[in-house]
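Colleague: Dropping a structure here in structure tokens format, bear with me for questions.
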Amino acid sequence: MRRTIPLLVLAFAVGLIVAPFALAAETKPGAREAAVQALPAAPLAAAISTITSIAISPLLGTGAYGAYQWFAAEDEAARAALPWYSHWSFWGPALAIAGLCALKDALGTVLPPGLKKPFDVLETIENKAAGFVAAAAVVPMTSAAAANLMLGAKTAGAAGGLVPSGLAMVHVGMIDFPWWLGVLLVPLGVAAFTVVWMASHAINVLILLSPWGAIDAALKVARTALLGLLVLTALVNPWVGAALALAVIVVAWLVAGWAFRLTFFGTVFCWDFFTVRRARFRPRENDNRMFAGGNLPGVSPRTYGRLVLRTAGGIEFYYRPWLVLPERSATVAVDKARLAVGKGLFFSSITADDRDTLFLLPPRYHGHEEMIVRAYFLGGGVRAAGLRRAWSVAKELFGGSAAQTQVV
Numbered sequence: 000m001r002r003t004i005p006l007l008v009l010a011f012a013v014g015l016i017v018a019p020f021a022l023a024a025e026t027k028p029g030a031r032e033a034a035v036q037a038l039p040a041a042p043l044a045a046a047i048s049t050i051t052s053i054a055i056s057p058l059l060g061t062g063a064y065g066a067y068q069w070f071a072a073e074d075e076a077a078r079a080a081l082p083w084y085s086h087w088s089f090w091g092p093a094l095a096i097a098g099l100c101a102l103k104d105a106l107g108t109v110l111p112p113g114l115k116k117p118f119d120v121l122e123t124i125e126n127k128a129a130g131f132v133a134a135a136a137v138v139p140m141t142s143a144a145a146a147n148l149m150l151g152a153k154t155a156g157a158a159g160g161l162v163p164s165g166l167a168m169v170h171v172g173m174i175d176f177p178w179w180l181g182v183l184l185v186p187l188g189v190a191a192f193t194v195v196w197m198a199s200h201a202i203n204v205l206i207l208l209s210p211w212g213a214i215d216a217a218l219k220v221a222r223t224a225l226l227g228l229l230v231l232t233a234l235v236n237p238w239v240g241a242a243l244a245l246a247v248i249v250v251a252w253l254v255a256g257w258a259f260r261l262t263f264f265g266t267v268f269c270w271d272f273f274t275v276r277r278a279r280f281r282p283r284e285n286d287n288r289m290f291a292g293g294n295l296p297g298v299s300p301r302t303y304g305r306l307v308l309r310t311a312g313g314i315e316f317y318y319r320p321w322l323v324l325p326e327r328s329a330t331v332a333v334d335k336a337r338l339a340v341g342k343g344l345f346f347s348s349i350t351a352d353d354r355d356t357l358f359l360l361p362p363r364y365h366g367h368e369e370m371i372v373r374a375y376f377l378g379g380g381v382r383a384a385g386l387r388r389a390w391s392v393a394k395e396l397f398g399g400s401a402a403q404t405q406v407v
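Each residue of the sequence shown is one higher than the last, beginning at 0 in numbering that gives the first Met the number 0.
The following block contains the structure:
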């Protein structure tokens with residue numbers, strides 16, 4: 000059974016990638032579907048589904064969307080007029096990289112974490128880069144195209160002819176949309192993309208931090224399944240697809256604080272790991288930067304801040320919500336004699352009674368745990384984290400005790 004899991008995961012991921020293209024190539028829209036697509040605001044519904052799908056997986060979403068436009072084009076002249084991300088020179092390598100990532104996650108169910116983690120770091124960096132490219136170019140172009148179609152009623156003629164596009168066949172002459180709608184569509188599209196991308200990118204960070212490949216594969220399959228559901232729903236009915244996309248946006252907004260902190264945590268993790276920062280880093284004698292764990296009262300998990308040892312002997316954690324809001328502080332109520340540094344495979348943590356995680360140390364502290372113990376007079380010293388400690392940290396990443404703290 001263990002040997003068949005990678006094949007099942009890979010087959011499921013490939014099936015979700017190929018299914019939308021097969022459906023789009025073989026299915027002709029009927030009269031009912033054509034009537035739905037001919038509604039004046041159909042470009043807006045299609046744009047919402049497209050932006051949300053790309054935000055869930057920027058590289059796969061942009062590559063799949065570009066390939067769809069390429070194969071849907073009637074001739075070479077139409078293909079030449081497509082945007083750059085719809086040419087095979089982009090979507091071909093993009094889908095190939097996405098396939099390699101799926102293969103990595105499938106094989107990761109049987110590989111030890113030490114062999115898989117470097118590739119997880121590279122995939123997390125790729126997701127950040129692809130998200131930036133999509134937010135800077137693909138999403139604004141998609142939003143602008145929808146706005147131009149919706150606001151093009153006056154140029155379509157009084158008879159209300161059908162105007163073809165990559166999004167839909169729209170009867171644009173039936174309604175006159177306000178001018179400010181076109182002005183708002185692009186920034187709103189970028190904002191919606193950012194919120195959904197942060198929530199989706201948090202899955203990449205969870206995969207990066209998870210010590211078990213089976214959990215990684217389950218997370219990736221769940222995200223790809225949501226992407227496939229959005230694409231298939233939008234192909235069947237753009238309005239149902241838009242409703243599902245709006246539901247995803249609302250959920251992403253509700254978990255924005257959690258996703259932002261996890262995204263920043265992953266950014267610091269990748270930078271420290273990729274640049275081998277621990278080789279040129281030395282902790283300070285005081286005032287060291289780290290992340291809050293899931294058991295620091297009053298502070299959200301993975302909040303970035305400074306741990307300060309006061310002259311009187313107490314320890315306080317100073318932080319800024321969202322990194323820019325006014326600074327706050329939280330007192331560590333646990334006696335220093337009960338605190339210890341748990342040394343993990345890739346990063347370490349400060350725990351109380353070998354059970355409750357109070358702080359997470361970025362990877363640059365790996366190998367410098369003794370200096371942290373001396374700087375803050377931690378009575379428990381340095382201890383090996385072990386699998387039980389790794390499972391406890393994983394539960395805090397997914398919820399557990401961390402779920403009881405505030406969202407923002």
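All C-beta atoms in this analysis are idealised placements derived from N, C-alpha and C, irrespective of residue type, glycine included.
In this structure, does DSSP put A329 in helix, strand or coil?
Modeller: Residue state, collapsed to three classes: strand.
Colleague: Alpha carbon to alpha carbon, how far is G130 from A54? Give it in angstroms, no decimals.
Modeller: Those two C-alpha atoms are separated by around 7 Å.
Colleague: Using 8 Å as the cut-off, can you tell me whether the segment 216-232 makes contact with the segment 273-281, which would need three or more C-beta pairs spanning the two stretches below that distance?
Modeller: The segment 216-232 vs the segment 273-281: no contact.
Colleague: Please give the ranges of any alpha helix (DSSP H) in the segment 70-153, keeping only runs that are unbroken, at least 4 residues long and fully inside the region.
Modeller: Counting whole runs of 4 or more residues, the segment 70-153 contains the alpha helix (DSSP H) stretches 75-79, 87-106, 112-132 and 138-149.
Colleague: Give the straight-line distance between the Cα atoms of V194 and L207, rounded to the nearest whole angstrom.
Modeller: Approximately 20 Å, taken between the alpha carbons.
Colleague: For N262, is the classification buried or exposed, using 16 other Cβ atoms within 10 angstroms of its Cβ as the cut-off for buried?
Modeller: Checking the displayed sequence, the identity of residue 262 turns out to be Thr instead of Asn. Buried, by the Cβ-count rule.
Colleague: Cα-Cα, which of A128, Y303 and L114 is closest to F345?
Modeller: The residue with the shortest Cα to Cα distance from F345 is L114.
Colleague: Do you know how far the Cα of A76 is from the Cα of P300?
Modeller: Approximately 53 Å, taken between the alpha carbons.
Colleague: With distances taken Cα to Cα, identify the nearest neighbour of G343 among V331, A374 and V381.
Modeller: Closest option to G343, Cα to Cα, is V381.
Colleague: Go ahead and label I174 buried or exposed: buried means 16 or more other beta carbons lie within 10 angstroms of its beta carbon, across all protein chains shown.
Modeller: Any answer about I174 is weak, because its pLDDT of 44 lies below 50 and its placement is not dependable; what the coordinates show is given next. Under this definition I174 is an exposed residue.
Colleague: Taking the alpha-carbon of I329 as reference, which of V340, F290 and H365 has the nearest alpha-carbon?
Modeller: It should be noted that the sequence gives Ala, not Ile, for residue 329. Ranking the options by Cα distance to A329, first place goes to F290.
Colleague: Does the distance from the C-beta atom of A233 to that of S48 stay below 7 Å?
Modeller: Yes. Within cutoff.
Colleague: Taking only runs of the beta strand (DSSP E) that begin and end inside the segment 222-253, which ones reach a length of at least 3 residues, in chain order?
Modeller: Whole beta strand (DSSP E) segments, 3+ residues: zero.
Colleague: Throw me the rounded Cβ distance for the L377 and A339 pair, which I believe falls under 8 Å.
Modeller: That belief holds up - the Cβ atoms of L377 and A339 are roughly 6 Å apart, short of 8 Å.
Colleague: If we ignore side chains and look at the alpha-carbon of each, how far apart do G165 and A201 end up?
Modeller: Note that G165 scores 42 on pLDDT, short of 50, meaning its location in the model is unreliable; the coordinates nonetheless yield the value given after this. Approximately 31 Å, taken between the alpha carbons.
Colleague: Put A384 into one of helix, strand or coil per three-state DSSP.
Modeller: Here A384 sits in coil by DSSP.
Colleague: Hey, L359 and G292 are a contact pair by Cβ (cut 8 Å); roughly how many whole angstroms apart?
Modeller: At roughly 5 Å, the Cβ-Cβ gap stays under 8 Å, so L359 and G292 are in contact.
Colleague: Would you kindly check if the distance between the Cβ of P361 and the Cβ of D429 is under 7 Å?
Modeller: Because the chain spans 0 through 407 in this model, residue 429 falls outside it and cannot be assessed.
Colleague: Just to confirm the assignment, what range does the beta strand (DSSP E) spanning L315 have?
Modeller: The question names Leu, but residue 315 in the sequence shown is Glu. Start and end: I314 to Y318.
Colleague: From A244 to S52, what does the alpha carbon distance come to, in whole angstroms?
Modeller: C-alpha separation (whole angstroms): 8 Å.
Colleague: May I ask you to list the residues that DSSP assigns as paired with R288?
Modeller: BP columns for R288 point to R305.
Colleague: Given 8 Å as the limit, is there contact between the segment 85-94 and the segment 221-232, that is, 3 or more CB pairs closer than that?
Modeller: Touching, no, given that fewer than three Cβ pairs across the two stretches are closer than 8 Å.
Colleague: If we require 3 or more residues per run, which beta strand (DSSP E) segments fall completely within the segment 332-377?
Modeller: Fully enclosed beta strand (DSSP E) runs of 3 or longer: 338-342, 348-351 and 355-359.
Colleague: Shortest alpha-carbon distance to E315 belongs to which of V298, W321 and V204?
Modeller: Closest by alpha carbon: V298.
Colleague: Going straight from the alpha carbon of D334 to that of G379, what length do you get?
Modeller: So the two alpha carbons sit approximately 11 Å from each other.
Colleague: Given F259, which residues of its chain have a CB within under 8 Å of its CB, disregarding the five upstream and five downstream residues?
Modeller: For F259, where only same-chain residues beyond five positions count, the Cβ hits under 8 Å are M197 and W321.
Colleague: Does the separation of the CB atoms of N294 and D355 fall below 7 Å?
Modeller: Going by C-beta atoms, N294 is nearer than 7 Å to D355.
Colleague: Helix, strand or coil for P282? Go by DSSP, reduced to three states.
Modeller: It is coil, neither helix nor strand.
Colleague: From A46 to L183, what does the alpha carbon distance come to, in whole angstroms?
Modeller: Computed Cα separation, rounded: 13 Å.
Colleague: If you check the beta carbons only, do A241 and A44 fall under 7 Å apart?
Modeller: Yes, these two residues count as a Cβ contact at 7 Å.
Colleague: Which same chain residues, not among the five before or five after A189, have their C-beta less than 8 Å away from its C-beta?
Modeller: The residue asked about is misnamed: residue 189 is Val in this sequence, not Ala. Closer than 8 Å at Cβ, skipping near neighbours: A134, V138, P139 and S142.
Colleague: Under 7 Å, do P237 and A41 count as touching if we go by C-beta distance?
Modeller: In contact: P237 and A41 (Cβ atoms closer than 7 Å).
Colleague: Can you give the Cα-Cα distance for T61 and A311, rounded to whole angstroms?
Modeller: In a straight line, the C-alpha of T61 is about 56 Å away from that of A311.
Colleague: Between which two residues does the alpha helix (DSSP H) holding A311 run?
Modeller: Looking at the DSSP string, A311 is not in any alpha helix (DSSP H), and its letter there is neither H nor E.
Colleague: Roughly how many angstroms lie between the CA atoms of A336 and A93, to the nearest whole one?
Modeller: Computed Cα separation, rounded: 52 Å.
Colleague: Can you say whether T350 is buried or exposed, counting buried as having 16 or more other CB atoms within 10 angstroms of its CB?
Modeller: So T350 ends up on the buried side.
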